[in-house]
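Notes to accompany the following structure.
In this note's numbering, the protein residues as written are 30 to 1053.
Here it is as structure tokens:
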């Protein structure tokens, strides 16, 4: 075999401050390792390899532990020896095991540690194990001599093991190479030597192991010889050395913690072992693999107590120290367990008592632990002695017993105790009541009392203590409570030869007064001011009546009580308390109270307008009527603005001041009632009324002068005010000019011809408040009339719901009209107080005007909706009534009605609203109604959505008890009758159902409810 390659292990470049262990395994080559900075000592655990097997297993290598000194930065060479190759039983010898080495140079000055390898087995003989001394072991059957002083072992038939300095001898098998020559194993046809200088074998003999000095090769001369083991070496402080390491060699270097000594080398369990070294603070220790309790530790020393294995270990045991940094430092073979014959250390049993558990322990030193037996005499009845020396049991008879005890552990002599005496005393007896006294006994109750005594078997007698005979009595074992107070029951038991008389036991029972309860008939809440209710309650048996009072918690003097009549006087919270007094044997009943919320008495308010329709400048008022005639004030408003001060109600009515000069159009007149007795009556608001104000009619007066024409325009009653605007003047049918009204008067400067009588006409064009008008003087005026038509007639409220057409009829009066009669005018836009005026002129100067006012048009339908009804999920059993809600921004809502039609599982609501113009709007809404619903689940896309692991309540409406039908994957029908629903009221049932997480694999399921022979199905979706 050629020299092995060198393998380097790279250390840290910085000094090592924590415990570190570097282990090198057998690789068949030389490994290197550089000593880290700051490290001057290494703790070494080095073991040589086992020899090869043939007739039997190859013999073990040596293992050494200890501390060596090193220089930081030095390169260490490490060889972890390899096992020799196996031979053949009865056919060929095995190779020697390689030694393990740590050195700086392969010479005497550089060797730091070496552990010899074991010898190889012969084909029919065992080899020799490695030596912990420096010399190798000779080969068997007259084989080669073991090497000395670092040299190889001699050859027999098989090769010798290599040493540090020289090779092993060669014969039929090659000698192992020295460390100086590369440390290869010796050659052989079967048993090749292990790396680390193990010798090789070609014949029947076993080869020598490598080491500091090589082992000798075995010899064959008609009989076989096994190989000798290699020698070992340690340059530092050795803490342990043993032979018998199995497997390949191994080298472990640990730092900075290390061991220097372990003493003593032998002792008994419980003795102390002191281990010296560095880095030992906080370390733990095992001896032979058993934890050794640490009694003290410091950086340089740890002291432990030797553990006690159940069986004394044979041979030398390893002492292993694990530092606080987690590195284990072994001291191989550093401790040997000693044995010793037993010696009693405790033998003094105590006095016992009949019936009481007894325990006393005999102890003796010695290792192994001794066992104990009764060697003479008799133990007290009921006691036994265990092999561990525990005397225990429960004595059954009083008296005195004597005996001796022997302790033995297989080592002579046995230990025999002195004569032991145990006295067993009479047992005390104790009486125990086996029944629990009632904690709330009252007059008339009974109590079956029972008690047990001690072991004498005498009966326990029960009686009533003399101090409480007026409170209770006893018959047999039944106590009867006659009055409130304290009842004492006495219990007694006699003794016998083994038991003392029991002390008297007593059981004290507090007998209380009988509780009373008041059953207070429910009051109706809320109530209304002015109403009354009757008070009814039933109390307990004390004979005292139940009385009623208004409790202090009542607010606002809400109620009063006369006898059993409760009157509701003011709004607030009424609390009624019911009480009943007690007696000597009956407690006063706990107060029972009921709370009634007292609401204000409702009021009603309506408004009427006078006149219902007005013209500009006309005085209008509103009259409010209060239903019920309550006293108070009414505040009127127009278009949301307060009008005047509040008006006091008189005889149920209040009339507003004049509503003011209102511009033409529709105005909302409202009223709010504020009762004087605000704690009794609720305020109310009237439905606003629409006041339509039209333009006021006018009438002209003409004054003619020689140089001017004057027109005075005056409102026609009931209108009032001063018209403004423009007046057009005509003379003999010809327009001669216009003039602007000032304070109702317009004057045009104009020179009328004096040669003839002219006919003068004036035409007032009107303004936003006043209608147009005309007049003539000395002229015969034509006539013009207007006719109002619409597709639908005017409503009772004065509104049209379709466009209005105003057509005109003109009649000349002595002269033709200047222009044709006006074309019909169509009012197609919505609005209140609309008007149309037309004027015709005759060729002779005559003029006529017609005006149509107060045309109210509302062609827009009101908006209507069904409220109070939801379509998101089915209703259970019954759908709500619903409400009609409508709005109309012009003429106002005249009516809003709702109807409901239920068919199967649907409730169809129809809401119809009509405004004051007669426009009608209708809307429909369909809600679902089901007799089988899932409470608490959401409803989406026609199915319920549930979550696994939650419990939902299923509600059913049926005349007989339904049953749940188990779920099946959709669309399959549910199948399998399950739990019955629970009755919750007339024709109402409920059942809790939990949906399992298993249902997630099939998201949609059908579940059912069976009533009679009919199954109702719900579809559910199970989601996370």
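Glycine included, each C-beta is placed from N, C-alpha and C at the ideal position.
Note that the structure is a prediction, hence the values are computed from the model and not measured.
Coarse secondary structure for residue i, derived from DSSP in three states
i	result
residue 628	strand
residue 714	strand
residue 106	strand
residue 1047	strand
residue 30	Since pLDDT at residue 30 reaches only 29, below the 50 mark, its modelled position is unreliable, and the value read off the structure follows with that caveat. Correct three-state label for residue 30: coil.
residue 495	helix
residue 43	Low local confidence applies: a pLDDT of 41 at residue 43 is under 50, so the model's placement there is unreliable, with the coordinate-based value given in what follows. Residue state, collapsed to three classes: coil.
residue 187	coil
residue 1040	strand
residue 6	The structure shown does not extend to residue 6, since the chain spans only 30 to 1053, so no value can be given for it.
residue 323	strand
residue 983	strand
residue 209	helix
residue 1029	helix
residue 36	With a pLDDT of 27 at residue 36, under the threshold of 50, the modelled position of that residue is not reliable, and the figure given next carries that caveat. DSSP places residue 36 in strand when its eight states are reduced to three.
residue 830	coil
residue 333	strand
residue 197	coil
Beta-carbon gap between residue i and residue j smaller than 8 Å
i	j	result
residue 242	residue 192	yes
residue 253	residue 154	yes
residue 801	residue 794	yes
residue 1088	residue 989	Here the chain comprises residues numbered 30 to 1053, so residue 1088 is not present and cannot be evaluated.
residue 168	residue 185	yes
residue 203	residue 212	no
residue 236	residue 215	yes
residue 395	residue 378	no
residue 589	residue 579	yes
residue 652	residue 684	yes
residue 747	residue 799	no
residue 985	residue 1023	no
residue 958	residue 903	yes
residue 228	residue 158	no
Extent of the continuous beta strand (DSSP E) to which residue i belongs
i	result
residue 1018	1017–1023
residue 967	967–969
residue 885	876–886
residue 816	812–819
residue 92	90–98
residue 1055	Nothing in the structure corresponds to residue 1055, since the chain is present only between 30 and 1053.
residue 1011	1011–1014
residue 870	860–870
residue 741	737–744
residue 957	949–959
residue 547	It is not in any beta strand (DSSP E) - residue 547 carries neither H nor E in the DSSP assignment.
residue 577	575–579
residue 406	400–406
residue 501	501–504
Beta carbon proximity, residue i to chain B, threshold 8 Å
i	result
residue 416	Of the protein chains in this structure there is only one, and it is not chain B.
Contact set for residue i: own chain, Cβ-Cβ below 6 Å, skip 5 residues either direction
i	result
residue 706	none
residue 245	167, 168, 172, 173, 174, 175, 182, 183, 189, 237 and 257
residue 739	732 and 776
residue 997	1003, 1004 and 1035
residue 950	890, 891, 893 and 942
residue 787	760, 761 and 781
residue 71	97, 99, 282 and 284
Cutoff 7 Å; reference residue i; Cβ partners in own chain excluding five residues on either side
i	result
residue 469	541
residue 626	554, 555 and 602
Contact test: residue i Cβ vs the ligand HEM heavy atom, cutoff 7 Å
i	result
residue 73	Of ligands this structure carries none, so the ligand HEM is not represented either.
Contacts around residue i, its chain only, beta-carbon distance under 8 Å, and the 5 residues preceding and following it disregarded
i	result
residue 39	With a pLDDT of only 35 at residue 39, under the threshold of 50, the placement of this residue in the model should not be trusted; the figure read from the coordinates follows. 63.
For the segment 864–874 against the segment 758–771, are there 3 or more C-beta pairs whose distance is under 8 Å?
These segments touch.
Are there three or more Cβ pairs, one per stretch, closer than 8 Å when the segment 486–498 is compared with the segment 414–430?
These segments do not touch.
Does the contact criterion of 3 or more C-beta pairs under 8 Å hold for the segment 643–657 versus the segment 687–701?
Remark: three or more beta-carbon pairs, one from each stretch, lie closer than 8 Å, so the segment 643–657 and the segment 687–701 are flagged as touching.
Taking contact to mean 3 or more Cβ pairs, one atom from each stretch, closer than 8 Å, check whether the segment 507–516 and the segment 402–415 are in contact.
Counting C-beta pairs closer than 8 Å gives fewer than three between the segment 507–516 and the segment 402–415, which falls short of the contact rule.
For the segment 431–445 against the segment 353–365, are there 3 or more C-beta pairs whose distance is under 8 Å?
The answer is no - the segment 353–365 does not touch the segment 431–445, with fewer than three Cβ pairs under 8 Å.
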